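To start, the structure itself, in structure tokens.
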Amino acid sequence: MVNLNTPQLIAQHYPLYLTQKNFVGWRALFHETANIVRLEKNAQVEVFGLNDCVKEQQTYALQAKVFTETWSEVSVQQQGEIAIIKANYLLIADREQREGLDVLVVAQTEQGWRIMSLFYEQTQFTLLER
């Protein structure tokens, strides 16, 4: 497990662990009490606990041969022991391409920096030709 001694390391490892399908590492980026909120246009807001979110992401990823997430326009704003990480994401899973925004609230804990809450909004969905 990586020593998460800066919020920038969370920003670096979050998409990396997803792409590697390393859900042990990805889960370790989060605080045990983290909440995850999914927003989609014209859909109901969904709130997950960490275990449910990891299970859903893992199931989705393991069904896909191609599974990559990349971030762009990443910003990390830190004040004291709190930081906000914002990034545009691009997730490709086989023939699906999903784009949107990730917003992470992270905090310095006894275990290092951890994600306390994740909000993600899918703004575009495209079926790819392969």
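As numbered in this note's numbering, residues 2 to 131 make up the sequence shown, in order. For glycine and all other residues, C-beta sits at the position ideal for the given N, C-alpha and C. Here the structure is a predicted model, which means the values were calculated and not measured.
- Task: With distances taken Cα to Cα, identify the nearest neighbour of G81 among T110, V48, N36.
- Result: T110
- Message: My assumption, with CB atoms under 8 angstroms, is that A94 sits in contact with V55. Please give the rounded CB distance.
- Response: Contact doesn't hold; Cβ gap of about 16 angstroms is too wide.
- Item | Expected contact under 8 angstroms - CB spacing of R99 and Q123 to nearest Å | 5 angstroms
- Task: Give the range of the alpha helix (DSSP H) segment to which T60 is assigned.
- Result: 51 to 63
- Task: Mark L63 as exposed unless 16 or more other C-beta atoms lie within 10 angstroms of its C-beta, in which case mark it buried.
- Result: exposed
- Query: Taking the alpha helix (DSSP H) that V46 falls in, what are its first and last residues?
  - Reply: From DSSP, V46 is part of no alpha helix (DSSP H); its letter is neither H nor E.
- Helix, strand or coil at V67 according to DSSP, with G and I counted as helix: coil
- Which value, in whole angstroms, describes the spacing of the CA atoms of M117 and D53? 15 angstroms
- Cβ neighbour criterion (16 or more within 10 Å) applied to G101: buried
- Length of the line joining the Cα atoms of E33 and Q112: 11 angstroms
- Should the region 40 to 48 be called in touch with the region 20 to 28, which here means at least 3 C-beta pairs below 8 angstroms? no
- Query: Among the residues of its own chain, which have a CB less than 8 angstroms from the CB of E41, if the five just before and after it don't count?
  - Reply: E122, Q123
- What residue does the alpha helix (DSSP H) around Q13 start on, and which one ends it? 8 to 20
- Message: Taking a contact to mean a Cβ-Cβ separation below 9 angstroms, would you say I86 touches S76 in this structure?
- Response: yes
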